[in-house]
Structure formats: structure tokens, C-alpha cells
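If you're matching positions, the sequence shown starts at 17 in this note's numbering and goes up one per residue.
Note that CB positions come from ideal geometry on N, CA and C, so glycine has one too.
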Amino acid sequence: MENVTIFTHPLIQHKISKLRDKNTGTNEFRSLIEEIAMLMGYEALRDLPLEDVEVETPIETCMTPMIAGKKLAVVPILRAGLGMVNGILALVPSAKVGHIGLYRDEKTHEPHEYYCKLPSPIDQRTIVVTDPMLATGGSGAAAVDFIKVHGGKNIKFMSIIAAPEGLKRLHEAHPDIHIYVGHLDRCLNENAYICPGLGDAGDRIFGTK
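(1) Please state the DSSP three-state secondary structure of Val108.
(2) Confirm, please, whether the CB-CB distance from Lys87 to Arg120 is below 8 Å.
(3) Since Asp201 and Gly213 are thought to touch, with beta carbons under 8 Å apart, how far apart are those beta carbons, to the nearest angstrom?
(4) Determine, using beta-carbon pairs with one atom in the segment 76 to 83 and one in the segment 29 to 38, whether at least three such pairs fall under 8 Å.
(5) Do three or more CB pairs link the segment 141 to 156 to the segment 168 to 179 at distances below 8 Å?
(6) Less than 8 Å between the C-beta atoms of Ala157 and Ala179, yes or no?
(7) Using DSSP bridges, identify the partner residues of Gly117.
(8) Around the Cβ of Pro109, are there at least 16 other Cβ atoms within 10 angstroms (buried) or fewer (exposed)?
(9) In whole angstroms, what separates the C-alpha of Glu67 from that of Glu129?
(10) How would you call Val71, buried or exposed, if buried means at least 16 neighbouring beta carbons within 10 angstroms?
(11) Check the DSSP bridge columns for Leu204 and list the partner residues they point to.
(12) With a Cβ-Cβ cutoff of 8 Å, do Gly97 and Glu50 count as a contact?
(13) Helix, strand or coil for Lys172? Go by DSSP, reduced to three states.
(14) Is the beta carbon of Ile52 sitting closer than 8 Å to the one on Ala159?
(15) Give the DSSP-derived three-state secondary structure of Glu76 in the structure shown.
(16) Please state if the CB of Arg185 and the CB of Thr152 are separated by a distance shorter than 8 Å.
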């Protein structure tokens, strides 16, 4: 699939396996989500634009590359996507953070927007949308729709685990964006949960049931 990266790095796979364990507590789960997001972000941000700037070293003045332009916007899908933000901010502390709030209809499993706040000017930024779970793909596709409506152009989507159904739906809806997946799981069950999955990411990040 063009514009899709599925990670095979041993550190990412090891940490995802720890996420899956039902005995992994809230504090460790939250830390693992951040660490995985940082490892994925390192690869996802390899094409950030650079420009040469003048820097004075202890030896001499030189021209040396730094990230160019309006830099980065991280846009988590609330609420579970928040868990990945600090991992990316560890790489690019100057990034701006927006938020998209979606809830899923329990009967149709379709997403509905309840909040959208994006950093300006969004059209000049590289935008990384975060959501640990890409299940049906409905929320992911809707979030990218909203960002495009607001003028976003250079969009990346980062998900820690994905179901084939969700990856296919997001890719077909937005073939122009690059999708990064930590691990592609087997399928969705009848309740639209990823199998084998890791349960409800939001509940496990925030310690709620």
C-alpha cells in the first residue's frame, strides 16, 4: 500500500507487546505510549524541511541546518490521542498542538465531531494526527476531513495498532496522506474492537473504566 509504513523495529514491537498485557498498569501504559510515539515520530518526521542558519560555535561561525518554516502541528484525536503527544513533543518541543474531539455512535460506530481547534496557519504546517487505535477508520478519516476543510495539506497519521479494515478505509478515503502504524493486528470483532488489540486505549491511559 503506497503511503503506508508498518513498523518492524524490535524496540517498537517489544513495547507494543508490553502494552497488550492486561497486567500493565496505568503509569507504565502511559509511559509506553509516549515512548512508542517518540520512536515512530523519529521515522515519520524524517522529511521535515530544513534551512541553513548561521550559528556561532566555540570555534567559528558556520551555516548549519535547522527545521524550516512554521514547523509542526500535532493534532491528537481526543481523548486517547493525547497519550502520544508528549512523545512527539520530546522530538520537536516547538511544535504546536491542536485538538479534535470525536465520539463514536455505539450503534453505527460512525464518528461525530464535538470539538476542533487547530493551530494557525494550519496550511503552512506539517500536521501529525495521533490516535493509538485505528479500528474502523471512521474517526481517523473524519479527523483528516476536518483538517483538510480548515486548510491543512501536509498530513501524516500515526497509530500504534491498526485493524486491516481501518487501515484500508483511511487509506482509501485519504490516499494522499502518509499513515504510520506500529503493528497491523488481525481483525475487528463484532463490537468493532481490534483483535488481539490492547483493550480501550483511553481507559488504560487515563485509568478510567
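Taking the definition as stated:
(1) coil
(2) no
(3) 6 Å
(4) no
(5) yes
(6) no
(7) Leu94, Tyr131
(8) exposed
(9) 37 Å
(10) exposed
(11) Ile210
(12) no
(13) strand
(14) no
(15) coil
(16) yes
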